[in-house]
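S.K.: Just passing along the structure, written as structure tokens.
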Amino acid sequence: MLKEVLMKILFLDQSSKLGGAELSLSDVAKPYRNDCLVGIFADGPFREFLEKAQIPVQVLTNQPIQISRDSHFIQSISRLGSLIPLIARVTKIARDYDIIYANTQKALVVGALASFLSRRPLVYHLRDILSTDHFSRTNCWIAVTLANRFASLVIANSKATQSAFIEAGGRPEITTVVYNGFDPENYQSQPSSLSHLKQQLGIHNQYVVGHFSRLSPWKGQHILIEALTHCPEDVTTILVGDPLFGEEEYAEQLHQQVADLGLENRVQFLGFRSDIPSLMACCDLIAHTSISPEPFGRVIIEAMFCNRPVVAAAAGGVVELVESGRTGWLVKPGDVKELADVITLCRRNPKLAIETASQAQQHLQMSGRFHLSKTNQQIAHLLRQLMKETPYTLDPSSERS
Ligand code: UDP
Ligand code: GLC
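Going left to right, the sequence shown walks through residues -6 to 394 as the numbering used here numbers them.
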């Protein structure tokens, strides 16, 4: 379907880890793998993942980038200077590509300047809610200013992400929403292997609530742990994920919370796993508990494709994914009691939970919403338009070195 697209794309991502932004980017990059490069700003599992998927990847720097989510103005501006060698390298590489496609905020900073210097159009795939719930004012300002000035197109991963961008001063006319896509085939699992996995995890006779996310305060694993104390005794939980971005202290706090509440027999920390569909299939219910607005929330749609009921925190893009009472349940972010009530409802009424899950799965199947093929078609169309319209586009044969 996408074979006719003859575009050379330089994707940029700051991370070496496998977060949702990186997993989504690999899905976007795959159709272009014969003619693209994913440039990343640190070495690690993301490189290995891309190599396994046969997507060309290059680690573009071995210098850690010092700007953090909550940097102040002076810190951010003074640290921008340290990016100069990386910007120079990306500018040089970009001359062999038609489009620069930034997938994260630091990639935007580098990509924006490289786009200006190499005269290649810039696409910014915005996967964050640019508000003070998540970032310092300075970082929001830098992202919006660079996107407004340099990006020809901002692809937002939800309407909530798009609105936050516009509210922060982003130009509405350059934004469009494209939801993340998933290949339904990846979310089928064999009942025989499930019972083996359940045995392995020691959860074959329990009611299991799964939580699938990096361990991070805003992802709210502590809310689920506390909710367990209000649920029937046979409700247990598996927490799947690692602290990916330096939040080890939170991980320690979670272990302490479990010990303080005497929940050692009801909570398991499984760390980072690559067998998400099988693990989801082992669960009776999947909980999403972010206490700050979630930009999209891949795990919610993954749970639906796995035919598992979902309870999710109603903020950000999540309200675009779940219709409460029909395709899952929405609860107030951070509300322990409300979460515990939904878990207890599902525990006492498994038929209702199963019906809700299959309603959600059928809805996805019939509507084609969140299907990867559709997402990739939308992106291919946007990129083709951009190639036609952008004033930056030059005759590639004369420009490529
Ligand atoms: N995930 C994973 N292994 C884990 C925990 C999570 O592969 O141990 C995946 C999960 O299936 C999902 C992604 O990581 O696809 C997380 O994306 P999401 O959008 O839910 O949150 P993010 O971490 O990007 O904010
Ligand atoms: C970011 C967001 C997450 C989203 C993912 C993929 O990591 O935090 O909500 O699902 O990007 O777009």
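By construction, the Cβ of each residue, glycine as well, lies at the ideal position given by its N, Cα and C atoms.
Small disclaimer: the values here were computed from a predicted structure and weren't measured.
I need the DSSP call for TYR117, collapsed to helix, strand or coil.
M.R.: It is a strand residue.
S.K.: Return helix, strand or coil for LEU90, following the three-state DSSP convention.
M.R.: It is worth fixing the name first, because residue 90 is Tyr in this sequence and not Leu. Three-state result, TYR90: coil.
S.K.: Is THR320 buried or exposed, if buried means 16 or more other CB atoms sit within 10 Å of its CB?
M.R.: Result: buried.
S.K.: Name the residue from LEU106, ALA353, LEU110, PHE34 whose alpha carbon lies nearest to the alpha carbon of ALA140.
M.R.: Closest option to ALA140, Cα to Cα, is LEU106.
S.K.: Within its chain, find whatever has a CB closer than 8 Å to the CB of SER351; leave out the 5 residues flanking it on each side and keep chain order.
M.R.: Taken in chain order, the residues that qualify are ASN300.
S.K.: Taking any heavy atom of the ligand GLC as the mark, which residues have a C-beta closer than 7 Å to it, listed down the chain?
M.R.: Residues with a Cβ closer than 7 Å to any heavy atom of the ligand GLC, in chain order: GLY12, GLY13, ALA14, SER17, ARG120, ASP121, ASN150, ASN173, GLU287, PRO288, PHE289, GLY290, ARG291, GLY310.
S.K.: If you follow the beta strand (DSSP E) that VAL147 is in, where does it begin and where does it stop?
M.R.: Run containing VAL147: 144 to 149, per the beta strand (DSSP E) assignment.
S.K.: Looking only at its chain, what residues have a beta carbon closer than 6 Å to the beta carbon of CYS224, apart from the 5 residues adjacent to it on each side?
M.R.: Here the set comprises ALA333, ILE336, THR337.
S.K.: Thinking just about the alpha-carbon of each residue, which of ILE279, GLN250, ALA100 is nearest to the one in GLY203?
M.R.: Per the Cα distances, ILE279.
S.K.: Excluding the five sequence neighbours on either side, which residues of its own chain have a C-beta within less than 7 Å of the C-beta of VAL103, listed in chain order?
M.R.: Closer than 7 Å at the Cβ level, and outside the excluded window around VAL103, lie LEU5, LEU76, LEU79, ILE80, VAL83.
S.K.: According to DSSP, CYS29 sits in a beta bridge with which residue or residues?
M.R.: CYS29 is bridged to ILE2.
S.K.: Determine the direct distance from the alpha carbon of PHE109 to that of ARG291, and round the result to whole angstroms.
M.R.: Approximately 33 Å between the Cα atoms of the pair.
S.K.: Between ARG266 and the ligand UDP, is there a pair consisting of the residue's CB and a ligand heavy atom that are separated by less than 7 Å?
M.R.: Within the cutoff, so yes.
S.K.: Just tell me which of PHE238, GLU257, GLU240 has its CA closest to the CA of ILE231.
M.R.: The shortest C-alpha separation from ILE231 is found at GLU257.
S.K.: Between ASN173, LEU247, PRO288, which lies nearest to ASP235 when the distance is taken from Cα to Cα?
M.R.: Nearest of ASN173, LEU247, PRO288 to ASP235, Cα basis: LEU247.
S.K.: What residue does the alpha helix (DSSP H) around GLN371 start on, and which one ends it?
M.R.: From DSSP, the alpha helix (DSSP H) with GLN371 extends over 365 to 382.
S.K.: Does the distance from the CB of PRO288 to the CB of SER151 come in under 8 Å?
M.R.: Yes; because the gap between Cβ atoms is below 8 Å, this pair is in contact.
S.K.: Closer than 7 Å: is that where the CB of GLU313 sits relative to any heavy atom of the ligand UDP?
M.R.: For the ligand UDP, not one heavy atom lies less than 7 Å from the Cβ of GLU313.
S.K.: Considering only the alpha carbon of each residue, which of SER124, GLN193, PRO177 lies closest to ILE159?
M.R.: Per the Cα distances, SER124.
S.K.: If you measure from the CB of GLU41, is any heavy atom of the ligand ATP nearer than 7 Å?
M.R.: With respect to small molecules bound, the structure shown includes the ligand UDP and the ligand GLC and not the ligand ATP.
S.K.: To the nearest angstrom, how far is it from the Cα of CYS339 to the Cα of ILE294?
M.R.: Looking at the two C-alpha atoms, the distance is approximately 19 Å.
S.K.: By how many angstroms is the C-alpha of CYS276 removed from the C-alpha of ILE167?
M.R.: Roughly 41 Å between the two C-alpha positions.
S.K.: On the DSSP bridge list, what partners appear for VAL202?
M.R.: Beta-bridge pairing links VAL202 to THR230, LEU278.
S.K.: Cutting at 6 Å between CB atoms, please list the residues of its own chain near PRO326, excluding the five before and the five after it.
M.R.: Counting only Cβ-Cβ distances below 6 Å, and skipping sequence neighbours, we find ILE284, ALA306, ALA308.
S.K.: I need the DSSP call for ARG164, collapsed to helix, strand or coil.
M.R.: Note: ARG164 maps to coil in three-state DSSP.
S.K.: If you reduce the DSSP assignment to three classes, tell me which class THR154 lands in.
M.R.: DSSP places THR154 in helix when its eight states are reduced to three.
S.K.: Sorry if obvious, but does the Cβ on LYS170 come closer than 7 Å to a heavy atom of the ligand UDP?
M.R.: For the record, residue 170 in the displayed sequence is Val; it is not Lys. False, no ligand heavy atom lies under 7 Å from that Cβ.
S.K.: Nearest-angstrom Cα distance between LYS99 and VAL251?
M.R.: Rounded to whole angstroms, LYS99 to VAL251 spans 35 Å at the Cα level.
S.K.: Return the Cβ separation of VAL260 and ILE218 in integer angstroms, given the expectation that the two are a contact with Cβ distance under 8 Å.
M.R.: Their Cβ separation, rounded to whole angstroms, is 6 Å, which keeps VAL260 and ILE218 in contact under 8 Å.
S.K.: My output table needs one value for GLY264: the three-state DSSP class, helix, strand or coil.
M.R.: Correct three-state label for GLY264: strand.
S.K.: Count the other C-beta atoms from every protein chain shown that fall within 10 angstroms of the C-beta of MET(-6), then say buried if there are 16 or more, exposed otherwise.
M.R.: Confidence at MET(-6) is low in this model, with a pLDDT of 45, below 50, so the placement of that residue should be treated as unreliable; the coordinate-derived value is given next. So MET(-6) counts as exposed.
S.K.: Within 10 Å of its beta-carbon, does SER145 have 16 or more other beta-carbons around it, so buried, or fewer, so exposed?
M.R.: Buried, because 16 or more other Cβ atoms sit within 10 Å of the Cβ of SER145.
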